[in-house]
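Residues 1149 to 1322 in our numbering are what the sequence shown lists, from first letter to last.
For reference, the structure is listed below as structure tokens.
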Amino acid sequence: MDSSRVDQALNYLSPADYIRTRVDDQLTWYGDKSAFNKRWYYRLQLVTLLAATAIPVISLSSANPSTRILVALIGAIAAVSTGVLSLFQFRDQWMDYRSTAEALKFEKHLYLTRAAPYQSEDAYSLFVNRIEATIISENRGWLDKSFGGSADGLASVSGASDEDKLGQQQDRVV
1149 MDSSRVDQAL
1159 NYLSPADYIR
1169 TRVDDQLTWY
1179 GDKSAFNKRW
1189 YYRLQLVTLL
1199 AATAIPVISL
1209 SSANPSTRIL
1219 VALIGAIAAV
1229 STGVLSLFQF
1239 RDQWMDYRST
1249 AEALKFEKHL
1259 YLTRAAPYQS
1269 EDAYSLFVNR
1279 IEATIISENR
1289 GWLDKSFGGS
1299 ADGLASVSGA
1309 SDEDKLGQQQ
1319 DRVV
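Listed below in structure tokens is the structure:
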């Protein structure tokens, strides 16, 4: 067997292996990250809500100086909570990760049931391309949100477009 065939055989993943090592792994990762961001979003929203509603109630309950200090501290807690929500974008991350997990799950179920568009002989190749495109799309969105549109800059620095990278990934997988 020549070296190119050996390389191809070593780089080929069966559909079952690809689903187990790539798709299921990514489903778990996106599901876990979605749940993590959802929990933090709700926690910080609750802190903000409770702190903001406690301020007027406490400020009316007493006029002594320690009450004013308490009101100021609660206001600071509300401001920090709001700032953390804005900085880390827990709600957006939760939604993005959840929608990506659902898109991956959708493609997996279509492929496993041989539903359209996975009815042809090249169904596996199409499946890999669509899964990888979904992951790349989410990654690009994350980079754009996190670094203000730097995703295109990273592609140009590396010398490869997203389509080139997808083709390279496909070559390694298929």
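Even glycine gets a Cβ: it sits at the ideal position worked out from N, Cα and C.
Closest by C-alpha distance to Gln1193, out of Leu1258, Arg1288, Ala1281, Ile1225, is Ile1225. Out of Arg1187, Lys1256, Leu1197, the CA that lies nearest to the CA of Glu1280 is found in Lys1256. For Arg1262, the three-state secondary structure derived from DSSP is coil. Excluding five sequence positions before and after Lys1253, the CB atoms of its chain that fall closer than 8 Å to its own CB belong to Leu1175, given in chain order. By the C-beta criterion, the region 1165-1183 is judged not to be in contact with the region 1212-1229, since fewer than 3 inter-stretch pairs fall below 8 Å. Using a Cβ-Cβ distance cut-off of 8 Å, the region 1181-1200 and the region 1232-1245 are in contact, since at least three pairs of beta carbons, one from each stretch, lie closer than that value.
For Val1232, the enclosing alpha helix (DSSP H) begins and ends at 1213-1236. The Cβ neighbour count for Ala1199, taken over all protein chains shown within 10 Å, is at least 16; the residue is labelled buried. DSSP, read as helix, strand or coil, puts Asp1270 in coil. Comparing alpha-carbon positions, the option among Arg1262, Asp1172, Ala1249 lying closest to Ser1182 turns out to be Ala1249.
Within the same chain, Cβ atoms closer than 8 Å to the Cβ of Thr1282 are found at Thr1248, Ala1251, Leu1252, Glu1255, the five residues on either side in sequence being excluded. Contact check for Thr1261 against Thr1230 fails: the beta carbons are separated by 8 Å or more.
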